[in-house]
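Under full-length UniProt numbering, think of the first position of the sequence shown as 1, with each following residue one higher. These notes concern the structure reproduced below.
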Amino acid sequence: MFPARKGAGHRRRRRGPVAVGVAALGAGAAGVLLLSPAHAGAVQPPVLYTVAQPPAPAPAALSARIAGAVKADNSPARAPLAAPTTTSGTAGTTITPMIIGGTTTTISTAPWMAQLWYYDDKGTATESDDTGFFCGGTVVSPTKILTAAHCVHGYNWNLNGAVLTGTDQLPTDNGDGTSDLHGGTATGVLRQWNHPSYSTVTYDNDVAVLTLARTVAAKPLPITASNDTASYAAGTVATLYGWGRTSSTTQDPAQTLKKASLPITSNTACSQEYGSDYVASHMVCAGAPATGSDTGTTSACNGDSGGPLVVAGRIVGVVSWGVKDCVAKGAYSVFSRVSAFAGAIEPRMDDSNITGDDKADVFAVTPAGAAYYYASKGTTVANRVADGDLPGSTLVRQADLNRDGYQDVLDRTTDGRLHFLNGRPNGADATIGTGWNGMRSISAPGDLNGDGLTDLVATDTSGNAWLYPGTGTGTVGSRQLIGGGWNTYPGTVYGKGDMSGDGRPDVVARDASGVLWLYKGTGSGHTPLLARTRIGSGWNTYNILATVGDITGDGHADLVARDASGVLWLYKGTGSATTPLAARVRICSGWNIYKQLG
């Protein structure tokens, strides 16, 4: 998980020299591997990030992509609000342009706004087959951009895309194959996800997330929760942001970011206008009915696709589709209803894992401090891979604490120090602080306070639970008391990801009688956890529990548990608040050689 930079045998060691016993274990010494889990086999050289993590494009390459996208915008028609104007690729700047009837604003009022530029020259000398287009997006975490699926599906953003943040100006062509970014910062895309049920015909499930190759400085905009109904009440004033067309009669974009206030439209009115094309459970309309011309119409238009609809400081909609030229009499702008997709989006915001695919892996440490990981294969795991040495470790947790898209490890040592072990290639490790041996448990459930960063929850020996807000740099801020009485849980409090399906990370705890309790996250820093809910009994049959994220890759956080005989069991997440875990599935035996699981 701390990836080999080059060469199959390179391994980055952690915190000190390798003990003789650990070296023997890593070499596959006789008498040691017999104790390994039955599926492990011989220890393999660390082939880390088995799903290739491509290098970040150079700034010059990103600039060239943006310049190409500005010049040639002729991608295939998608949803009406994103259908680019077909050009030969040589007709100059013809990007699918912004808000009709809006007003100019600045990036300081919407620091989370992002421009998504895509350009593919198809590897040919002619420009006639080039594909270039533009969409809007929203920074929802330091490396995550929420946008529309029709801006992502079918395109390779890693090879051909660039994301521009930190500017309210569209790029301008320098005439030499580069663009003036007007103070913005261009970033490459590491990986992409669009909703698996996205329809290219109906534009249903029109949401996507891009993971950037590095963090950006822009302040994230939180997404709304799955139980948010107030934001969608008819008449609620929402704000739309974008750079799209400013008129129905031209393709001209807005050079400077614009915004517009749009009242939420009732489902009844939108259904009357669009019939079965409007899926009320997944979509929301906003704005007064268009007048039939630019005069009196305020609407999203071509080029606004993927941008945000904001209510009370949270993104509640993603620009999805509308009518041609955007002002047909009686028409409304249509947005993806973010509350409906919060449970699907959250795992993509916290989808870091050791191998870089969409499945959480299991990290394990022996009593001697030898660290290994087991790559998930869905409901089983692959052979273990040696992953460094953690002498004196008393607790490990897998989490992307600096939100850079690479999974890190939190490691507490016998001297009470809590270490941040950076998962990014060549990333710097750090000591978070001292005195952590006064904590009975430490977990890293994710973004509990709604700021887009990973937080910690710790319980002390007096029974107090504390929230340590993440800073996005691998450290934590000043702690906040969550509540008392947590000494009813003699063991560890666990959590990584959303177990209840509402788009908020949760925490689970096991009491002395073996009852397992769920504390649902709220996304609020004031009250980050709701009152507990009983979700099962008999859990004292296990001597170790671990929450490492979404092992199966289905979008729900899972849990693993080891019984007294050393068998590891998988409890798949269901996404249900009442029964968040399905019946257990046996992974394999032999896990009693480990003292810690991540």
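Note that the Cβ used here is the ideal one computed from N, Cα and C, for glycine as well.
A direct Cα-Cα distance of roughly 28 Å separates L159 from G549. Sorting L570, P220, L410 and G538 by C-alpha distance to the C-alpha of H419 places L410 at the top. Proximity to G433 across A56, D389, R479 and P54 peaks at R479, based on C-alpha coordinates. Annotation: Q255 is outside any beta strand (DSSP E) and is labelled neither H nor E by DSSP. The residue from S441, K259 and H150 with its alpha-carbon nearest to that of F133 is H150.
Using a Cβ distance threshold of 8 Å, V381 and V362 count as a contacting pair. In the three-state reduction of the DSSP assignment, C326 falls in the coil class, being assigned neither a helical nor a strand state. Within 10 angstroms of the beta-carbon of K359 lie 16 or more other beta-carbons, which makes it buried.
A direct Cα-Cα distance of roughly 16 Å separates V70 from S305. DSSP places A382 in the uninterrupted beta strand (DSSP E) bounded by V381 to D389. In the DSSP assignment, M349 falls within the alpha helix (DSSP H) that extends over V338 to M349.
In chain order, K259, A260, S261, L262, L309, V310 and V311 place their CB closer than 8 Å to the CB of T239, counting only its own chain and leaving out the 5 sequence neighbours on each side. Residue environment analysis places Q272 among the exposed positions, since fewer than 16 neighbouring C-beta atoms fall within 10 angstroms of its C-beta. Note on geometry: alpha-carbon atoms of A269 and P171 lie some 38 Å from one another. DSSP links P308 through a beta bridge to V318. Contact between the stretch 207-214 and the stretch 142-149 is present: 3 or more CB-CB pairs across the two stretches fall below 8 Å.
V508 is bridged by DSSP to Y494 and L518. Under a 10 Å Cβ-count criterion, L481 is classified as exposed, with fewer than 16 other Cβ atoms of the shown protein chains found around its own Cβ.
For V560, the enclosing beta strand (DSSP E) has its first and last residue at D558 to D563. Setting aside the 5 residues that flank it on each side, T202 is surrounded in the same chain by D277 and V279, each with a C-beta closer than 8 Å to its C-beta; the list follows chain order.
Annotation: the continuous beta strand (DSSP E) that includes I535 extends over T533 to G536. Counted as a single uninterrupted DSSP element, the beta strand (DSSP E) harbouring C285 occupies residues M283 to A286.
With respect to I264, A300 sits apart: the two C-beta atoms are not nearer than 8 Å. According to DSSP, H153 shares a beta bridge with no other residue. Excluding residues up to 5 positions away in sequence, S339 lie with their Cβ nearer than 6 Å to the Cβ of D228 in the same chain.
R440 sits in a strand when the DSSP states are folded into three classes.
Within the model, the alpha-carbon separation for D350 versus Y198 is close to 21 Å. Membership of Y373 in the beta strand (DSSP E) is indicated by the continuous run A370 to S376. The C-beta separation of S336 from D168 comes to about 24 Å, leaving the pair out of contact by the 8 Å criterion. H526 counts as exposed, since fewer than 16 other beta carbons sit within 10 angstroms of its beta carbon. By the neighbour-count criterion, in which a residue is buried when 16 or more other Cβ atoms sit within 10 angstroms of its Cβ, P490 is exposed. In the DSSP assignment, N543 falls outside any alpha helix (DSSP H) and within the unbroken beta strand (DSSP E) covering Y542 to G549. Taking every protein chain shown into account, the CB of T297 has 16 or more other CB atoms within 10 angstroms, so this residue is buried. Residue environment analysis places V237 among the exposed positions, since fewer than 16 neighbouring C-beta atoms fall within 10 angstroms of its C-beta. DSSP lists D411 and T431 as the beta-bridge partner residues of H419. Non-local C-beta neighbours of T541 in its own chain, meaning closer than 6 Å and more than five positions away in sequence, comprise D563, ordered along the chain.
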